[in-house]
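Working notes, structure below.
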Amino acid sequence: MTRWIAADWGTTALRLTLMEGETPLGTRESDDGMNRLTRDMFEPTLRRLAGDWLDGPARIVACGMVGARQGWIEAPYAPVPCSPPTDRAIRAPTGDPDLDVRIVPGLSQTNPHPDVMRGEETQIAGILRHRPEFDGTVCLPGTHTKWAHVSAGEIVSFRTVMTGEIFATLAGQSVLRHSLGGEGWSEAPFLDALSDAISRPETLTARLFELRAADLLLGQDTTTARSILSGLLIGAELAATKAWWLGREVVVTGSASTTPAYDAALRAQGLQPIVLPADAMTRAGLLAAREFS
-17 MTRWIAADWG TTALRLTLME GETPLGTRES DDGMNRLTRD MFEPTLRRLA GDWLDGPARI
43 VACGMVGARQ GWIEAPYAPV PCSPPTDRAI RAPTGDPDLD VRIVPGLSQT NPHPDVMRGE
103 ETQIAGILRH RPEFDGTVCL PGTHTKWAHV SAGEIVSFRT VMTGEIFATL AGQSVLRHSL
163 GGEGWSEAPF LDALSDAISR PETLTARLFE LRAADLLLGQ DTTTARSILS GLLIGAELAA
223 TKAWWLGREV VVTGSASTTP AYDAALRAQG LQPIVLPADA MTRAGLLAAR EFS
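Quick note on numbering: the sequence shown equals residues -17 to 275 in our numbering.
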């Protein structure tokens, strides 16, 4: 297989990986996500970051918000239940016929509730490439965490939870920002808060202000506060997604910053999650799309 480029192009960032078949040769990243670009900016942005990787005819296979309605070109959602839509990548318009850009569609769902995903379907394709017989739930932590029920090679249903965005908003824009500085995380207060939120999710909003009060009155350190906030939010998430993980095998695929919390949370519920690296699963899913295109 000749060289090609795997592109993970999301809302806020672009990551390109030069590939030789299944082997990554190098990675380049920028903050040129979809939110910063107009439609006519995608091709020059790709060229600027790829640089010498585009010496001659080039195949780029991309996933993420690059295929959204506001992206390079809309790659229509594939409705679930379905297999990961790596066989349905569409070609983006380019000014150079030697530049062949294919974009993997996202997924949509209307029942049991409306939901959409873009990018995560490619990670699920990568997971199934590594574990083709997997039957269970895939947890994809992030700004908008996805819980997907996978069976017989298909995504049956999924659920999106805005835990990451809520955490970032509370930590950066609410009154709690004064008590949540730093980047620390401690498992013990996290698990205590997690258990409380799972058993009493209705107390979540009241528990949140306790973080500010504990700082003012008791001098609670920021690491403890961040851990409690994370535990409260992920606990509420687990309470809302119990139908997806209870009694099922679970694969967790996320970043190094998000995976440990979800791994610890699920282990506290008696599960033994399988942890797979997000970047590698994205590349594997894009490789599957490369083989179809």
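Note that the Cβ used here is the ideal one computed from N, Cα and C, for glycine as well.
Predicted, not measured: the structure shown is a model, and the values here were computed from it.
{"Check": "Burial state of residue 118 (16 or more Cβ within 10 Å)", "Outcome": "buried"}
{"Check": "Bridge partner(s) assigned by DSSP for residue 61", "Outcome": "90"}
{"Check": "Nearest-angstrom Cβ-Cβ length linking residue 36 and residue 81, presumed shorter than 8 Å", "Outcome": "7 Å"}
{"Check": "Residue 242 in three-state terms, based on DSSP", "Outcome": "helix"}
{"Check": "Within 8 Å, strictly: CB atoms of residue 72 and residue 57", "Outcome": "yes"}
{"Check": "Segment limits, alpha helix (DSSP H) that includes residue 227", "Outcome": "224 to 227"}
{"Check": "Uninterrupted alpha helix (DSSP H) stretches inside the region -11 to 48 (no shorter than 4 residues)", "Outcome": "24 to 32"}
{"Check": "Nearest-angstrom Cα separation, counted from residue 218 out to residue 76", "Outcome": "45 Å"}
{"Check": "Beta bridge counterpart(s) of residue 138 as assigned by DSSP", "Outcome": "Answer by DSSP bridge pairing: none, since residue 138 is not bridged."}
{"Check": "Between the CA atoms of residue 160 and residue 84 - distance to the nearest angstrom", "Outcome": "45 Å"}
{"Check": "Local conformation of residue 111 per DSSP, three classes", "Outcome": "helix"}
{"Check": "Residues that residue 133 bridges to, as DSSP identifies them", "Outcome": "136"}
{"Check": "Rounded straight-line distance, which links the Cα of residue 11 to that of residue 38", "Outcome": "21 Å"}
{"Check": "Residue 123 versus residue 129: straight-line alpha-carbon distance, rounded", "Outcome": "9 Å"}
{"Check": "Identity of the residue in 108, -2 and 74 nearest residue 258 by Cα", "Outcome": "108"}
{"Check": "Between the CA atoms of residue 253 and residue 231 - distance to the nearest angstrom", "Outcome": "8 Å"}
{"Check": "Beta-carbon proximity check, residue 162 vs residue 207, cutoff 8 Å", "Outcome": "yes"}
{"Check": "Per-residue DSSP class, three states only, for residue 81", "Outcome": "strand"}
{"Check": "Three or more C-beta pairs below 8 Å linking the region 23 to 30 and the region 86 to 104", "Outcome": "no"}
{"Check": "Chain-order list of residues whose beta-carbon lies under 7 Å from that of residue -7 (same chain, five-residue window excluded)", "Outcome": "15, 16, 17 and 47"}
{"Check": "Three-way DSSP call (helix, strand, coil) for residue 144 in this model", "Outcome": "coil"}
{"Check": "Cβ neighbours of residue 164 in the same chain (closer than 8 Å, five flanking residues each side left out)", "Outcome": "204, 205 and 208"}
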